[in-house]
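Quick note, the sequence shown lines up with residues 1 to 73 if you use this note's numbering. Glycine included, each C-beta is placed from N, C-alpha and C at the ideal position.
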Amino acid sequence: MTSHQQARLLQASDREARHEWPTLTPNEAQEAKDVAWTLFVTLYRIEGGDPAIHRANYMNQVAMIEKAAGWAQ
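So, in C-alpha cells, the structure goes:
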C-alpha cells in the first residue's frame, strides 16, 4: 500500500468518525475497493483466525466506499 493510499484511508476513517461522507469518483471508489480487498487479504494472512470476521470488516468497508461513491444509500 502506498503512502498516498494510507493517507486516503486515514482521511476516510477521520470522516467516518465525524459522520462525514466524501464524494468519490468512480475511479477513486474502485481504487478504494481494491485497497480494502488488499487489506482484507493481508490481515487474514497475518492474523489468521475466523475468516468471517475479516470478511465482515471488508464488506463494511465496501459499503462505506459505495455510499461515498453514491452507489448505495
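For this session: Please confirm whether any heavy atom of the ligand ATP lies closer than 8 Å to the CB of A63.
Result: Here there are no bound small molecules, and the ligand ATP is not part of this structure.
For this session: Classify I65 as buried or exposed, calling it buried when 16 or more other Cβ atoms lie within 10 Å of its own Cβ.
Result: Sequence index remark: in the sequence shown, residue 65 carries index 65 (1-based). That one is buried.
For this session: Spatial neighbours of A12 within its chain, please: CB distance less than 8 Å, with the 5 preceding and 5 following residues excluded, ordered by chain position.
Result: Mapped onto the sequence shown, residue 12 falls at position 12. Excluding positions up to five away in sequence, the list reads P22, A32, M64 and A68.
Exercise. In three-state DSSP terms, what is L24?
Worked result: The sequence position of residue 24 within the sequence shown is 24, counting from 1. Of the three classes helix, strand and coil, the one that applies to L24 here is coil, per DSSP.
Exercise. Taking just the CA atoms, how far does L24 sit from Y74?
Worked result: Any answer about residue 74 is impossible in this case: the structure gives the chain only from 1 up to 73.
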